[in-house]
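Note that the protein sequences, when read in sequence, are chains A and B.
When you number the first sequence by UniProt numbering, it's gap-free, plus one each residue, and the end is 291.
When you number the second sequence by UniProt numbering, it's gap-free, plus one each residue, and the end is 291.
Built from N, CA and C at the ideal position, the CB exists for glycine as well.
These figures come from a predicted structure and were not determined experimentally.
2 protein chains.
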Amino acid sequence: MSKHTIWDGPLVSSVEPLKARRLFLLLRDRILSGDIGPNTRLPSEPLLAQEHGVSRVTVRRALDKLADEGLIERRPGSGTFVNTRPTSAQVTADFSNVLTHLVEMGRRTDVKLISFAYMAPTPALTSDLKLQPGERVQRSVRVRLIDGQPFSYLITHVPERIGISYSEADLASTPLLELLERSGIVAERAQQIIGATLAGPEVAAALDLEIGAALLSMTRIVYDPSGRGIEHLQALYRPDRYSLNMDLIRTGANGARRWSPVERPRVSTPKTKSIPKTRVNRVSIQRRTTR
Amino acid sequence: MSKHTIWDGPLVSSVEPLKARRLFLLLRDRILSGDIGPNTRLPSEPLLAQEHGVSRVTVRRALDKLADEGLIERRPGSGTFVNTRPTSAQVTADFSNVLTHLVEMGRRTDVKLISFAYMAPTPALTSDLKLQPGERVQRSVRVRLIDGQPFSYLITHVPERIGISYSEADLASTPLLELLERSGIVAERAQQIIGATLAGPEVAAALDLEIGAALLSMTRIVYDPSGRGIEHLQALYRPDRYSLNMDLIRTGANGARRWSPVERPRVSTPKTKSIPKTRVNRVSIQRRTTR
DNA sequence: TCAAGCTGTCCTATTGATGGCACAGCTTTC
DNA sequence: GAAAGCTGTGCCATCAATAGGACAGCTTGA
């Protein structure tokens, strides 16, 4: 039943080209979710191979990748063990802060401006921002880093009439919304859509990820009091370095009980006791950009 | 240092396992971002092959995948065209409803119970739910469907003392929180973490996706007034069928302006004027390709 | 001490993914 | 109507990914 038919049902296309990747993802999820738990010994390579119907070579590749990410430790003669890990995201955004700043607990955040240009809007942009016919937009792509590590990829579109109120240099140093409000532009209403997507080549490179990695996606459109769009943001986050947290309390009478968001204490305890060295290496290799 | 394996460079894959996948993601991003725009004709297959330095076979695979997702339409003899409105999610959850029901605009939602068992908790679960030593948990896995199409995969862990207050059959028909409150258990506080992850084999099969697809992830822990955990939920959503929407308004004085969530009208205009036929096609095709 | 079991390494088939080419059928353009 | 260009399809060659072994060196436990 589940021998060669493992790939029976699923959606599109052919055959999974990478069983190793598949096994890697499976084990990674089990480890990160705490399902396997730190310091536990994984099943032996031959066992894993048998359980998942793959060869030991494939199992080894999956384990190699896990070891590369620092999730497991392999002890020859003994077994393969799950590492204790600075688990969840390094940066968390409280719900009420989503639109403003990050929770910056004494960490240094930088912004790198990838591109900056004025262009004709796509049809989708025109309708989202309620642009006038012929009106152009400013497109900027930025990457945010914390402690030198990239965690978000931001594609921003702003109507030209608004974009000219600040400079390219401003954008590289100041949050866009702040720039806008500083110029007297009033943000009144906003709509956010949160989803998930896969990393394409450019985004993957910018966020120091492999192509096809999972990303948390947020699309935001900000409107002024007259209902015209003043900012269109497409943000892509590395889920291992950024997540959306919210605390909720149950309110209301018994008949109509519901959940309400709660203010978070501003500084959550920095649980970054040790940055895994693999990460550090990777970043230093990647780029020694801004100071 | 890094052995002789193909996976040499830790993350940024020097050798990409799947050129087709890579090209697929690249084109998908350009289409979804509006970079290519609806009704535009893509470069011809030979041209794309040349531009990206791959063979036409590979280009074809990438385009096949795009077509499967309904993003493009291929017209023999004419060219390959970007479809109008790659569409957004079919189901959207308003922020204030995240914890309750979906916005069910006259659509039929079903729940399928995948598994149900009592087991020993993992270490992570023990700490998350603040379990007593030796206390067991009830684990249930459910899939939610709308109009017969799966969109969410729910893994729930509940302390045994609480789980016994309802039956397996209850779980397949009623939301868990409702069951709990019906039993007199009080949900007081909750914490939610939203992120993204990749689909593993089981989840992919259950949600009718391919392995490695992007998923919106939500982890929720609900506590009773005494601070003990009563529910641990790991929810995985198909981002093309479910997304998190929120409307915000700018409040507060000039000094401390911030964003606050806004109540949504309960029934958002069903922008599903017509379920795009591409979707329908996909489903039927999907069944056909079972081999 | 010995036996069992584990990882590290090497080897050889087989299968899948890709590259490269040719041709048919269709649409558009001139 | 003809030419050009596109997608759909088939074929074969090449190379990477996987399967399936074998063996060495190590650790653990009896």
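{"Asked": "Let me know if residue 210/B comes out buried or exposed under the rule of 16 or more other beta-carbons within 10 Å of its beta-carbon.", "Found": "buried"}
{"Asked": "Quick check: what's the CA-CA separation for residue 188/A versus residue 228/A?", "Found": "10 Å"}
{"Asked": "Tell me the DSSP secondary structure of residue 130/A in three-state form.", "Found": "coil"}
{"Asked": "Determine contact between the segment 220–237 of chain A and the segment 183–199 of chain A, defined as no fewer than three beta-carbon pairs at a distance below 8 Å.", "Found": "yes"}
{"Asked": "Does the distance from the CB of residue 159/A to the CB of residue 137/A come in under 8 Å?", "Found": "yes"}
{"Asked": "What does residue 216/A reach in chain B if we use C-beta pairs closer than 8 Å?", "Found": "194, 195, 196, 216"}
{"Asked": "Under 8 Å between C-beta atoms, does residue 160/A make it to chain B?", "Found": "no"}
{"Asked": "Kindly indicate which three-state DSSP category residue 250/A falls into: helix, strand or coil?", "Found": "strand"}
{"Asked": "Going along the chain, which residues of the segment 198–229 of chain B sit with their C-beta nearer than 7 Å to a C-beta in chain A?", "Found": "198, 200, 201, 204, 205, 208, 209, 210, 211, 212, 214, 215, 216"}
{"Asked": "What are the start and end residues of each continuous beta strand (DSSP E) run of 3 or more residues lying completely inside the segment 130–194 of chain B, in chain order?", "Found": "137–146, 149–159"}
{"Asked": "Residue 220/B lies in the beta strand (DSSP E); which residues open and close that run?", "Found": "214–223"}
{"Asked": "Pull up the CB-CB distance for residue 292/B and residue 215/B, whole angstroms please, since I reckon it's below 8 Å.", "Found": "There is simply no residue 292/B to check, as chain B begins at 1 and stops at 291 in what is shown."}
{"Asked": "Can you give the beta carbon distance from residue 171/A to residue 113/A, rounded, assuming they're within the 8 Å contact cut?", "Found": "6 Å"}
{"Asked": "Specify the secondary structure class of residue 73/A as computed by DSSP and reduced to three states.", "Found": "strand"}
{"Asked": "Identify, in the order they occur along the chain, each residue of the same chain with its Cβ nearer than 8 Å to the Cβ of residue 131/B, setting aside the five sequence neighbours on each side.", "Found": "121, 125, 137, 159, 229"}
{"Asked": "On the premise that residue 30/B lies in contact with residue 36/B, defined as a C-beta separation below 8 Å, what is that separation, rounded to the nearest angstrom?", "Found": "5 Å"}
{"Asked": "Using the beta-carbon of each residue, which ones in chain B are nearer than 9 Å to residue 245/A?", "Found": "191, 192, 193, 194"}
{"Asked": "Taking residue 249/B as the query, report the chain A residues whose CB atoms sit under 9 Å from its CB, ordered along the chain.", "Found": "188, 189, 190"}
{"Asked": "Report yes or no: is there a C-beta of chain A within less than 8 Å of the C-beta of residue 55/B?", "Found": "no"}
{"Asked": "Apply the 10 Å Cβ neighbour rule to residue 3/B and answer buried if 16 or more other Cβ atoms are within range, or exposed otherwise.", "Found": "With a pLDDT of 27 at residue 3/B, under the threshold of 50, the predicted position of this residue should be treated as unreliable, and no value is reported."}
{"Asked": "Report the partner residues of residue 110/A according to the DSSP bridge assignment.", "Found": "145/A"}
{"Asked": "Select from 261/A, 239/A, 24/A, 23/A the residue whose C-alpha is nearest the C-alpha of residue 249/A.", "Found": "261/A"}
{"Asked": "Are any of the Cβ atoms in chain B nearer than 8 Å to that of residue 148/A?", "Found": "no"}
{"Asked": "Shortest alpha-carbon distance to residue 64/B belongs to which of 174/B, 161/B, 23/B?", "Found": "23/B"}
{"Asked": "When DSSP builds the beta bridges, which residues end up paired with residue 229/B?", "Found": "223/B"}
{"Asked": "List, in chain order, every chain A residue whose beta-carbon is nearer than 8 Å to that of residue 124/B.", "Found": "33, 34, 35, 37"}
{"Asked": "For a contact defined as C-beta to C-beta under 9 Å, what are the partners of residue 26/B on chain A?", "Found": "200, 201, 202, 211"}
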